[in-house]
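Trainee: Take the sequence shown: its position 107, counting from 1, is numbered 598 in our numbering, and each next residue is one higher. Positions of the beta carbon are idealized from the N, C-alpha and C atoms, including for glycine.
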Amino acid sequence: MSVPSTAPGLPFWKLKTLAEMSAEEWESLCDGCGKCCLEKLEDYDSGEISHTNVACRLLNVQTCRCTRYDQRLRFVPNCVQLTPESVPELTWLPTTCAYRLLADGQDLPWWHYLVSGNRELVHSVGVSVQGRAVPEQRAGPLEHHIVTWPA
Numbered sequence: 492m493s494v495p496s497t498a499p500g501l502p503f504w505k506l507k508t509l510a511e512m513s514a515e516e517w518e519s520l521c522d523g524c525g526k527c528c529l530e531k532l533e534d535y536d537s538g539e540i541s542h543t544n545v546a547c548r549l550l551n552v553q554t555c556r557c558t559r560y561d562q563r564l565r566f567v568p569n570c571v572q573l574t575p576e577s578v579p580e581l582t583w584l585p586t587t588c589a590y591r592l593l594a595d596g597q598d599l600p601w602w603h604y605l606v607s608g609n610r611e612l613v614h615s616v617g618v619s620v621q622g623r624a625v626p627e628q629r630a631g632p633l634e635h636h637i638v639t640w641p642a
């Protein structure tokens, strides 16, 4: 998908807020890292989030893409749909997430495909879950899969 710039020399993400983006621009921000599709555990008392390396059952752990993206909420009702309003509240989003970065007033990283033009860089520089995620069907108890690297 190629998203054109809205002004000569400046990409859309530098000209618009998240709320001002078209649906196509919004969707193009996802770098395909798969980190947001890893299961998380929340401590009932403290609210602290623990990240795991266990992938949602719809995440292809090789491509780091959802196998049923358009229908994901039907198959995984607790899948969190990102919106311009929800992004600032989702403290568990990875620090590398384009939605989080832009909501925080930061720019996209050099390896993001909208900057580099290369969709594989997210994997080759080690930002994605490729080679590190475990399919939900094979994982067993989530407590055995807590990791620190997704953040």
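1) Under three-state DSSP, which class holds H542?
2) Should V606 and C555 be called a contact, given that it needs their Cβ atoms to be closer than 9 angstroms?
3) Among L573, D522, T558 and E576, whose alpha-carbon lies nearest the alpha-carbon of Q616?
4) Buried or exposed, going by whether 16 or more other CB atoms sit within 10 Å of the CB of P585?
5) Measuring alpha carbon to alpha carbon, tell me which of C528, L501 and L509 ends up nearest L593.
6) Tell me, to the nearest whole angstrom, how far the beta carbon of V552 is from that of A624; I am working on the premise that it is less than 8 angstroms.
7) Name the two residues that bound the continuous beta strand (DSSP E) containing L529.
8) Under 8 angstroms by Cβ, that's how I've got T543 and L532 pegged, so tell me the actual separation to the nearest angstrom.
9) Could you tell me if T574 is buried or exposed, where buried requires 16 or more neighbouring beta carbons within 10 angstroms of its beta carbon?
10) Whole angstroms are fine: how far does the CA of A589 sit from the CA of Q597?
11) Skipping 5 residues on each side, what residues in its chain have a beta carbon closer than 6 angstroms to that of S541?
12) Using alpha carbons as the reference points, say which of L520, Y535 and R563 lies closest to C528.
13) Roughly how many angstroms lie between the CA atoms of C570 and P626, to the nearest whole one?
14) Can you name the residues that DSSP bridges to P626?
15) Any idea what DSSP makes of R556, helix, strand or coil?
Mentor: Considering the structure as presented:
1) In the sequence shown, residue 542 corresponds to position 51, counting from 1. Strand, per DSSP.
2) Numbered from 1 along the sequence shown, position 115 holds the residue referred to as residue 606. Numbered from 1 along the sequence shown, position 64 holds the residue referred to as residue 555. Cβ distance not < 9 angstroms, so V606 and C555 don't count as in contact.
3) On the sequence shown, position 125 is the one that residue 616 refers to. With the sequence shown as reference, residue 616 is identified as Val, and Gln is not the correct amino acid for it. For V616, the nearest C-alpha among the options comes from D522.
4) In the sequence shown, counting from the first residue as 1, residue 585 sits at position 94. Buried.
5) On the sequence shown, position 102 is the one that residue 593 refers to. For L593, the nearest C-alpha among the options comes from L509.
6) If you number the sequence shown from 1, residue 552 lands on position 61. If you number the sequence shown from 1, residue 624 lands on position 133. Contact between V552 and A624 holds: CB atoms are separated by about 4 angstroms, below the 8 angstroms threshold.
7) In the sequence shown, residue 529 corresponds to position 38, counting from 1. L529 -> beta strand (DSSP E) spans L529 to E533.
8) Working through the sequence shown from its first residue, we reach residue 543 at position 52. Working through the sequence shown from its first residue, we reach residue 532 at position 41. Going by Cβ atoms, the distance from T543 to L532 rounds to 7 angstroms, so yes, they are a contact pair.
9) Mapped onto the sequence shown, residue 574 falls at position 83. So T574 ends up on the exposed side.
10) The residue given as residue 597 occupies position 106 in the sequence shown. The residue given as residue 589 occupies position 98 in the sequence shown. Approximately 9 angstroms, taken between the alpha carbons.
11) Within the sequence shown, residue 541 is the residue found at index 50, counting from 1. Hits under 6 angstroms: L532 and I637.
12) Translated into the one-based positions of the sequence shown, residue 528 becomes position 37. Nearest C-alpha to C528: R563.
13) Here residue 570 refers to the residue found at position 79 of the sequence shown. Here residue 626 refers to the residue found at position 135 of the sequence shown. Rounded to whole angstroms, C570 to P626 spans 16 angstroms at the Cα level.
14) Within the sequence shown, residue 626 is the residue found at index 135, counting from 1. Note: P626 sits in a beta bridge opposite A546.
15) For this step, residue 556 is matched to residue 65 along the sequence shown. If DSSP states are grouped into helix, strand and coil, R556 belongs with the strands.
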